[in-house]
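K.L.:
Here the sequence shown stands for residues -24 to -1, 1 to 459, where the numbers follow mature numbering (1 follows the signal peptide of the UniProt record, and there is no 0).
Submitted below is the structure of interest, expressed as structure tokens.
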Amino acid sequence: MAATLTAMALSATALTGLQAPAAAAVDNFTPIAGPVFGDPTAASNEILTRLMDNIKHTPRNGTIRIVGYSFSLGRVADALLAAKRRGVHLQIVLDGHSRAWSPSKRLDAALGSDPTRRDYLVLTKGSARGTRGVTHQKSWSFSKVGQTPYVTMVGSTNLTGYGTEVQYSDMFTYTNRQDVYDAFASIQSRQKFDVALADPYVTRAWTNGFGYFFPDPTATAETDPVVTRINALPSDANTNIRVAQFAWYDTRGIWIANALAAKKAAGATVSAVVGESVGPGVKGILTRAGIPMYPGVFTNKKRIHTKLMLASYLDATGPHVRIWTGSDNWTNQSFRNEDTAVEVGDDLASYNQYLGFYDALITAGLPPVVPPVPPTPAPVQHNTYLTSHVSKTRVHRLRPVYMTGTMSQDYAGRVVKIQRLYRNGTWHTVSATSPLGTSSYKIKVPTGKLGVWQFRTVTAATSSPTLVAGAAVSAPRKVRILR
């Protein structure tokens, strides 16, 4: 009986031509973690290549999430629509101005605008979680690429012809990082409704880094995440800070420039590649601080669009490196925008790749054009002064002598230092007070070196030997020191 049933089954298979379904091919594509850079002078844009690869290798029932500002690339829209046809879910939030371009219109027609569905395209009225501004974030997330889960790309690239053919930009890719993926997913879960929140500013910490998400309508110089991370770096010669910023101006830009100038005054090395939208006030602060600036607009008309800061430093736990990148322009507008930036900590391989990119920006095109030094406003004589007197003009080297004087209230709270004029024509600090809360001072003059010496007093924000902008300098006084 069993033999008969087997024969009947074989006969049925032969008659109908039915076969067992073939196993689906395993997609062994592996997305590349770390930074990727868009070079507009290259034959192809590597950022676009990696984005298209990640879209192509997102499997059926996977999810692609995009938050962006400008979207006009037809080939990216084609790749996304092809992914949808094979069963990938697309969840996209774009600033509303992108509706003017055909690729966004095609996505809108295919996905609809209902954010409660598995597929949607939301074109925001302004900042997705704020009352004003725009949706300016640039992030692309994939639930799975090939066999790699939780892939997130974040950085400074706009998906437009201008953004990929004219502008230098960067994206940082996290792979197999559910903590990062979930952080961006949680933010998009509110962005997709395009409804203002009472408290939209969010920070998220994850392994070896963190991210912050604007808007932040209550931000101040004390809470600005860029200022606070600059201030947290050690103030010494072991710290090296590099900036490549597209837009940097307004009150916020001044806060950040002053924070960098303070690090420079304290001994750190600071440099900047300045983009087309860096204001004269910022450039003036950097110039007076002695911070070298390199042009971010090149003779071939290409230009930077990065919002990048790199730092290396040494503290009690050893050497460290940090990368900060994203969509955050250093302006007041960013506080109103849907913007983000991430910190990547102690990833030396990625840091070295960013150093190579930064050095390439510096050497692109002609040598740097140093901006002119803005004129220094004339001091208000009745309100900014520092006087000095010596208690004795001739003194035995073992006897005390003091410099005394007064200063305007503008300098209250500063350090007063004595400087000696050496025979090579340079002034050197030889003594200093603690920060003064009054307008008068008295400092003992070092008398160990015999001869006739000139001494002067100066004010400074700290006890650093370097004079800072706005320092007051007294007239020199001669003292003969006898044996």
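Where a beta carbon is used, it is the ideal one built from N, C-alpha and C, also for glycine.
Using a beta-carbon distance below 8 Å, is K283 in contact with chain D?
P.N.:
Judged by its chain identifiers, the structure shown contains no chain D, having just a single protein chain.
K.L.:
Assign A223 to one of three DSSP states: helix, strand, or coil.
P.N.:
Here the question's residue 223 lines up with position 247 in the sequence shown. DSSP places A223 in strand when its eight states are reduced to three.
K.L.:
Using the C-alpha atoms, what's the distance from S115 back to A18?
P.N.:
For the purposes of this step, residue 18 is taken as the residue at position 42 of the sequence shown. For the purposes of this step, residue 115 is taken as the residue at position 139 of the sequence shown. So the alpha carbons of these two residues sit roughly 23 Å apart.
K.L.:
Counting only runs that start and end within the segment 205 to 270, where is the alpha helix (DSSP H) found for 4 or more residues in a row?
P.N.:
226 to 241 and 256 to 265, all fully within the segment 205 to 270.
K.L.:
Nearest CA to the CA of A336: which residue from A9, S46 and S145?
P.N.:
Stepping through the sequence shown from its first residue, residue 336 is reached at position 360. Cα-wise, what sits closest to A336 is S145.
K.L.:
So the alpha helix (DSSP H) Y138 belongs to, where does it begin and stop?
P.N.:
Mapped onto the sequence shown, residue 138 falls at position 162. That run of the alpha helix (DSSP H) goes G137 to E141.
K.L.:
Taking R36 as the reference, which of V121, A317 and M147 has the closest Cα?
P.N.:
Mapped onto the sequence shown, residue 36 falls at position 60. The shortest C-alpha separation from R36 is found at V121.
K.L.:
How is Y45 classed by DSSP in three states: helix, strand or coil?
P.N.:
Translated into the one-based positions of the sequence shown, residue 45 becomes position 69. Coil.
K.L.:
Starting from the C-beta of L173, find all residues in its chain whose C-beta is less than 8 Å away, skip the five residues before and the five after it, and write them out in chain order.
P.N.:
Along the sequence shown, one-based indexing puts residue 173 at 197. Within the same chain, L173 has close Cβ partners R105, G106 and R166.
K.L.:
When burial is assigned at 16 or more other CB atoms within 10 Å of the CB, is Y138 buried or exposed?
P.N.:
Along the sequence shown, read from residue 1 onward, the residue named residue 138 stands at position 162. So Y138 ends up on the exposed side.
K.L.:
Look at R453 and M379 and say whether their C-beta atoms are less than 8 Å apart.
P.N.:
One-based indexing of the sequence shown puts residue 453 at position 477. One-based indexing of the sequence shown puts residue 379 at position 403. Closer than 8 Å, so yes.
K.L.:
Based on Cα-Cα distance, which residue from G102, T133 and V2 lies nearest to G283?
P.N.:
Start at 1 with the first residue of the sequence shown, and residue 283 comes out as number 307. Contrary to the premise, residue 283 reads as Lys rather than Gly in this sequence. Taking only the C-alpha atoms, the option nearest K283 is T133.
K.L.:
Rounded to the nearest angstrom, what separates D212 and P7 at their Cα positions?
P.N.:
Here residue 212 is taken as the residue at index 236 of the sequence shown, counted from 1. Here residue 7 is taken as the residue at index 31 of the sequence shown, counted from 1. One C-alpha to the other measures close to 39 Å.
K.L.:
Along the beta strand (DSSP E) that carries K454, what are the first and last residues, could you check?
P.N.:
In the sequence shown, counting from the first residue as 1, residue 454 sits at position 478. Counting along the chain, the beta strand (DSSP E) containing K454 begins and ends at R453 to L458.
K.L.:
By the 10 Å Cβ neighbour count, where 16 or more other Cβ atoms means buried, how is H365 classified, buried or exposed?
P.N.:
Locating residue 365 in the sequence shown gives position 389, where the first residue counts as 1. Exposed: under 16 other Cβ atoms inside 10 Å.
K.L.:
May I ask you to list the residues that DSSP assigns as paired with H73?
P.N.:
On the sequence shown, residue 73 is found 97 positions in, with the first residue counted as 1. Bridge partners of H73: none, in fact.
K.L.:
Going by DSSP, name the residue or residues bridged to I31.
P.N.:
Position 55 of the sequence shown holds residue 31. Bridge partners of I31: none, in fact.
K.L.:
Could you please give the first and the last residue of the uninterrupted beta strand (DSSP E) stretch that includes S115?
P.N.:
To locate residue 115, count along the sequence shown from 1; it is residue 139. Looking at the DSSP string, the run of the beta strand (DSSP E) that includes S115 is S115 to V121.
K.L.:
Are there 16 or more other CB atoms within 10 angstroms of the CB of L324, so buried, or fewer, so exposed?
P.N.:
As a working note, residue 324 is residue 348 in the sequence shown. Per the 10 Å Cβ criterion, exposed.
K.L.:
If we count Cβ pairs, one from each stretch, closer than 8 Å, do we get three or more for the segment 311 to 327 versus the segment 235 to 251?
P.N.:
They do not touch, by the three-pair rule.
K.L.:
Look at the alpha carbon of R61 and the alpha carbon of Y150, and state the distance between them as a whole number of angstroms.
P.N.:
Residue mapping note: residue 61 aligns to position 85 of the sequence shown, counting from 1. Residue mapping note: residue 150 aligns to position 174 of the sequence shown, counting from 1. Computed Cα separation, rounded: 26 Å.
K.L.:
Please name the residue or residues paired with residue 529 in a DSSP beta bridge.
P.N.:
In this structure the chain extends from -24 to 459, so residue 529 is not present and cannot be described.
K.L.:
Quick one: residues in its chain with C-beta nearer than 8 Å to the C-beta of S74, no 5 flanking neighbours on either side, listed in chain order?
P.N.:
As a position in the sequence shown, residue 74 is number 98, starting the count at 1. Around S74: G44, Y45, S46, F47, S48, S80 and L99.
K.L.:
According to DSSP, what are the bridge partners of A85?
P.N.:
Here residue 85 corresponds to residue number 109 of the sequence shown, with the count starting at 1. BP columns for A85 are empty, so no partner.
K.L.:
Based on the DSSP output, what are the partners of V391 in its beta bridges?
P.N.:
The residue given as residue 391 occupies position 415 in the sequence shown. Looking at the DSSP assignment, V391 forms a beta bridge with A436.
K.L.:
In or out: P376 buried (at least 16 other Cβ within 10 Å) or exposed?
P.N.:
Locating residue 376 in the sequence shown gives position 400, where the first residue counts as 1. When all chains shown are included, P376 counts as exposed.
K.L.:
May I ask whether a heavy atom of the ligand NAD can be found less than 7 Å away from the beta carbon of F160?
P.N.:
Looking at this structure, you won't find the ligand NAD or any other ligand, since it has none at all.
K.L.:
Within its chain, find whatever has a CB closer than 8 Å to the CB of H281; leave out the 5 residues flanking it on each side and keep chain order.
P.N.:
Along the sequence shown, read from residue 1 onward, the residue named residue 281 stands at position 305. For H281, where only same-chain residues beyond five positions count, the Cβ hits under 8 Å are S132, T133, N134, G139, Q143, Y144, S145, F222 and G251.
K.L.:
Looking only at C-alpha atoms, which of S89, I338, D71 and I42 sits nearest to T128?
P.N.:
Residue mapping note: residue 128 aligns to position 152 of the sequence shown, counting from 1. The shortest Cα separation from T128 among S89, I338, D71 and I42 belongs to I42.
K.L.:
Locate the alpha helix (DSSP H) running through S367, then write down its first and last residues.
P.N.:
Residue numbering aside, residue 367 sits at position 391 when the sequence shown is read from its first letter. Counting along the chain, S367 falls outside any alpha helix (DSSP H), and DSSP gives it neither H nor E.
K.L.:
Determine the DSSP secondary structure at K418, reduced to helix, strand or coil.
P.N.:
Here residue 418 refers to the residue found at position 442 of the sequence shown. Residue state, collapsed to three classes: strand.
K.L.:
State buried or exposed for N313, treating a residue as buried only when at least 16 other CB atoms are found within 10 Å of its CB.
P.N.:
As a working note, residue 313 is residue 337 in the sequence shown. With 16 or more Cβ atoms within 10 Å of its Cβ, N313 is classed as buried.
K.L.:
I'd like to confirm the pairing. Which residues does DSSP put opposite G106 in its beta bridges?
P.N.:
On the sequence shown, residue 106 is found 130 positions in, with the first residue counted as 1. According to DSSP, which records beta bridges pairwise, G106 is partnered with nothing at all.
K.L.:
Would you report the Cα separation of Y93 and R228, rounded to the nearest angstrom?
P.N.:
On the sequence shown, residue 93 is found 117 positions in, with the first residue counted as 1. On the sequence shown, residue 228 is found 252 positions in, with the first residue counted as 1. The residue asked about is misnamed: residue 93 is Arg in this sequence, not Tyr. Distance between the alpha carbons of R93 and R228 is about 39 Å.
K.L.:
Please state the DSSP three-state secondary structure of S450.
P.N.:
On the sequence shown, residue 450 is found 474 positions in, with the first residue counted as 1. Residue state, collapsed to three classes: coil.
K.L.:
Got a sec? Which residues, its chain only, sit under 8 Å from I394 by beta carbon, not counting five neighbours each side?
P.N.:
Looking up residue 394 in the sequence shown gives position 418. Cβ neighbours of I394 beyond the five flanking positions: M379, T405, V406, S407, A408, I419, V421, P422, F431, R432 and T433.
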